[in-house]
Each structure stands twice: as C-alpha cells, then as structure tokens.
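Have a look at the structure below, then the notes.
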Amino acid sequence: MGAVIKVENITYRYPLTEKPAIKNLSFEIEEGGFYGIIGPNGSGKTTLCALLRGFAPSFYKGDLEGQVLVDEKPTTAYLEGELSLRIGYVFQNPFNQISGVKDTVFEEIAYGLENFGVPVDEIEDRVVRAMKLTDIESLAMKKPFEISGGQQQRMALASTLVLEPGILIIDEPTSQLDPEGTESVFKVIETLKQTKKTVILVEHKIDLIAEYAEKIIVLKNGEAIRIGDKQDILSDIALEAEGIQLPQYAALGSRLRERGVDLEYIPITEKQALDVIGKAISKEAKTNVVH
Ligand SMILES: Nc1ncnc2c1ncn2[C@@H]1O[C@H](COP(=O)(O)OP(=O)(O)OP(=O)(O)O)[C@@H](O)[C@H]1O
Ligand SMILES: [Mg+2]
Numbered sequence: 017m018g019a020v021i022k023v024e025n026i027t028y029r030y031p032l033t034e035k036p037a038i039k040n041l042s043f044e045i046e047e048g049g050f051y052g053i054i055g056p057n058g059s060g061k062t063t064l065c066a067l068l069r070g071f072a073p074s075f076y077k078g079d080l081e082g083q084v085l086v087d088e089k090p091t092t093a094y095l096e097g098e099l100s101l102r103i104g105y106v107f108q109n110p111f112n113q114i115s116g117v118k119d120t121v122f123e124e125i126a127y128g129l130e131n132f133g134v135p136v137d138e139i140e141d142r143v144v145r146a147m148k149l150t151d152i153e154s155l156a157m158k159k160p161f162e163i164s165g166g167q168q169q170r171m172a173l174a175s176t177l178v179l180e181p182g183i184l185i186i187d188e189p190t191s192q193l194d195p196e197g198t199e200s201v202f203k204v205i206e207t208l209k210q211t212k213k214t215v216i217l218v219e220h221k222i223d224l225i226a227e228y229a230e231k232i233i234v235l236k237n238g239e240a241i242r243i244g245d246k247q248d249i250l251s252d253i254a255l256e257a258e259g260i261q262l263p264q265y266a267a268l269g270s271r272l273r274e275r276g277v278d279l280e281y282i283p284i285t286e287k288q289a290l291d292v293i294g295k296a297i298s299k300e301a302k303t304n305v306v307h
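Residue 105 in our numbering sits at position 89 of the sequence shown, with consecutive numbering throughout.
Now the structure itself:
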C-alpha cells in the first residue's frame, strides 16, 4: 500500500508570529496505517493535524514552506471543501464542530450528508449506523448543545464517520470523557482499524496509544524528535528526559532492568508486561534449580 499523505519538509508559522509552530517536518502516512501523534501541550499536534487536512494555511492563513501532498496533490491545490470527503476531521473541542443549525443529534449527524446530496433513505441508514457505532442511539432526539461534553465528543465522531472518509484525523477524542467513555471511543477506533481506514490520532492517554497505534510521531516545540514504530519509540526511556510521557509498563520494565531483572524487551502494554516479566521469572526459577 502506498502513501496517502506525504509531508515534505514543512515549516509553518501562524499569522503575525515569528516562531514556527511546525519546523522542518517530513514523513509519510501509509494507507491503512494507524498513527499516533504525541507530545507536550503546545508542541504543535493540533497544528500538524490542521496542516494534514489543509486547514492550514487555507483557513488559518499564515506562512507554509514545503508542502503536504494528499493523494499526490498539494493541499493548497485542492478546492474549498474538496478534501472533506477524503479526510474526516474530529476537532479537539467538540463544541467547535457543532453546526448550530440543527435541533437534534440525529439531524446534526445527518447534516454533512445532506450537504453532499445523499438520498434520504441512505442518510437514515448511515446515521443510524454511525450512532450505533459510537453508542449514542439513545441521544438521537436530544438537542446537540444540551448533551454532555463526552456525548458531544461521540456525536462529533459520528458526524465524521457518517461521511465514510478513507482517512480520519482525530484530535484528542477523549479529552472530555471518563474512563468508560474513553474505552468506548477506542473500541470505535479499533473497529475503524479493522476496516482498513487510515487513522491519525492525537491522544494524551499514552497507554491507549501503546495499545492501538502502529506508528508514532513525537513532537516537541514544533519539531519531530522521533518518528517510527511504536514499540521502538514508546520503550525508549531516554524520551522521558525530553518531557515525553511513556506508558507505565515501559517505565516499570526499565526500573526492573535497572534492578538487574533480565527482561527480554521493554514492554509497552499490560499484555507485554505480563509476557516479559513471566518469562524473566521462569528463567530465574530455572537458574535457581541448577544452582
Ligand atoms: N491560531 C493560532 N495563532 C497563533 N498561534 C497559534 C495558534 N494556534 C496555536 N498556536 C501556537 O502554536 C503552537 C502549537 O500549538 P498547538 O495547538 O498545535 O499545540 P498542541 O500540541 O495541539 O497543544 P495541546 O496539547 O494543548 O492541544 C503553540 O505555541 C500555540 O500557542
Ligand atoms: Mg491540540
């Protein structure tokens, strides 16, 4: 599978700012891949999402050096709205995504499809499916502004999924959610992964990134300090010194190694921790028998 997005040495400044929000960034997004973008507050995660979607520079203006290609064409060469069916975008703050012109959650989710002239029967089917997937069927008749932040977050996700884009950019979909709501959003994301969609996800909850993502982009001060496979990056304890939070299991594994426990690899998920610590214990037991 080829690259669906190519980022070619981009540096981007918002209007009236000197310091670039994104600096010298190059990488490719492969079709069907699951990419996690991580990094401290203000490191440029949302700005990068906006650049991938073409909102920057078209909407935010500012100054872009280099280019972002979507399906081999620069984002700046697309017409207004042309990318919205190809790339679904879920905003960090779900409030920003609500149209304000619809009275019910159902209508809000249908809104995008109406704009694209989809037949009424099909709209209903697709909206029901999107609500099922995001587990908000019971909210269908509620007012979009009167549901909770977490419910709005799931509605925003449903409004995007209903358009069935091949690429999804999701900026911190769980910031308003409790652990249960977070789990349910990640279940949806897991389903998307199985349908071979390309997913680009910003998320602070690093244990979830460790569980679900395949590739990681680590941003700091607008620069990518690491790009690569999640196993290599999330087990790299040196990143902690850079202010990057790593999965709790990686920190645990590294502390165990420091204390002389012979771990085969640094785990990044609970499953891996159980595997690798289990192996170390049985190795230890065998050595003790020999003595
Ligand atoms: N519209 C804007 N105009 C000018 N500067 C901006 C604008 N939006 C963001 N910035 C600046 O760009 C930098 C990157 O911000 P961005 O929102 O991309 O970071 P982030 O990693 O998404 O942070 P967070 O984790 O808080 O969401 C910050 O220094 C921020 O102040
Ligand atoms: Mg952000």
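Every residue gets a Cβ at the ideal spot worked out from N, C-alpha and C, and that includes glycine. All values derive from a computational prediction rather than experimental measurement.
Member of the options whose CA lies at the smallest distance from the CA of residue i
i: LYS35; options: GLY244, GLY58 and GLU47; result: GLY58
i: ILE282; options: TYR265, ALA172, ARG275 and CYS65; result: TYR265
i: ARG102; options: VAL86, GLU274, GLN113 and PRO110; result: VAL86
i: GLY18; options: THR27, PHE43, ALA37 and PHE132; result: PHE43
i: GLN108; options: GLU196, ILE38, GLN261 and GLU219; result: GLU219
i: SER175; options: VAL144, PRO195 and THR198; result: VAL144
i: GLY269; options: LEU290, ALA257, LEU255 and GLY259; result: LEU290
i: ASN237; options: LEU32, LEU64, SER100 and GLY48; result: LEU64
i: ALA37; options: LYS299, GLU88, PHE132 and LEU235; result: LEU235
i: THR190; options: VAL292, ASP223 and ALA72; result: ASP223
i: PHE132; options: VAL292, PRO181, ILE232 and TYR94; result: PRO181
i: PRO73; options: LEU95, ILE232 and PRO56; result: LEU95
Cβ-Cβ distance between residue i and residue j below 8 Å
i: LEU179; j: GLY97; result: no
i: ILE54; j: ILE225; result: yes
i: TYR30; j: ARG69; result: no
i: GLY116; j: GLU24; result: no
i: LYS295; j: GLU274; result: no
i: GLY230; j: GLY60; result: It should be noted that the sequence gives Glu, not Gly, for residue 230. Contact: no.
i: LEU149; j: LEU184; result: no
i: VAL84; j: ILE26; result: yes
i: LEU80; j: TYR28; result: yes
i: PRO263; j: LEU250; result: yes
i: ASN40; j: GLU258; result: no
Counted within 10 angstroms of its Cβ, other Cβ atoms place residue i as buried (16 or more) or exposed
i: PRO135; result: exposed
i: GLU188; result: buried
i: PHE75; result: exposed
i: GLY276; result: exposed
i: LYS159; result: exposed
i: MET157; result: exposed
i: THR303; result: exposed
i: PRO195; result: exposed
i: GLY165; result: exposed
i: ILE297; result: exposed
i: SER154; result: exposed
i: ALA301; result: exposed
i: ALA66; result: buried
i: GLY197; result: buried
i: GLU93; result: The sequence shown places Ala at residue 93, not Glu. Exposed: under 16 other Cβ atoms inside 10 Å.
i: THR211; result: exposed
i: THR33; result: exposed
Neighbourhood of residue i by C-beta distance below 6 Å, restricted to the same chain and skipping five residues each side
i: LYS118; result: GLU124 and TYR127
i: GLN113; result: PHE107 and ALA172
i: GLU227; result: THR285
i: PRO90; result: GLN83
Own chain residues within Cβ distance below 7 Å of residue i, not counting five before or after
i: ILE45; result: ALA19, VAL20, ILE21, TYR51, THR214 and ILE216
i: LEU208; result: LEU184 and VAL215
i: GLU199; result: none
i: LEU193; result: GLY166, GLN169 and VAL201
i: ASP278; result: ALA296 and LYS299
i: ALA146; result: ILE125, ALA174, LEU177 and VAL178
8 Å CB neighbourhood of residue i in its chain, flanking five on each side removed
i: ALA267; result: ILE253 and GLU256
i: ILE163; result: VAL121, LEU155 and MET171
Proximity test, Cβ basis, 8 Å: residue i and chain C
i: ALA254; result: Annotation note: the requested chain C is absent from the structure, which comprises a single protein chain.
Are the segment 188–208 and the segment 242–254 in contact at 8 Å, needing three or more beta carbon pairs?
-> no
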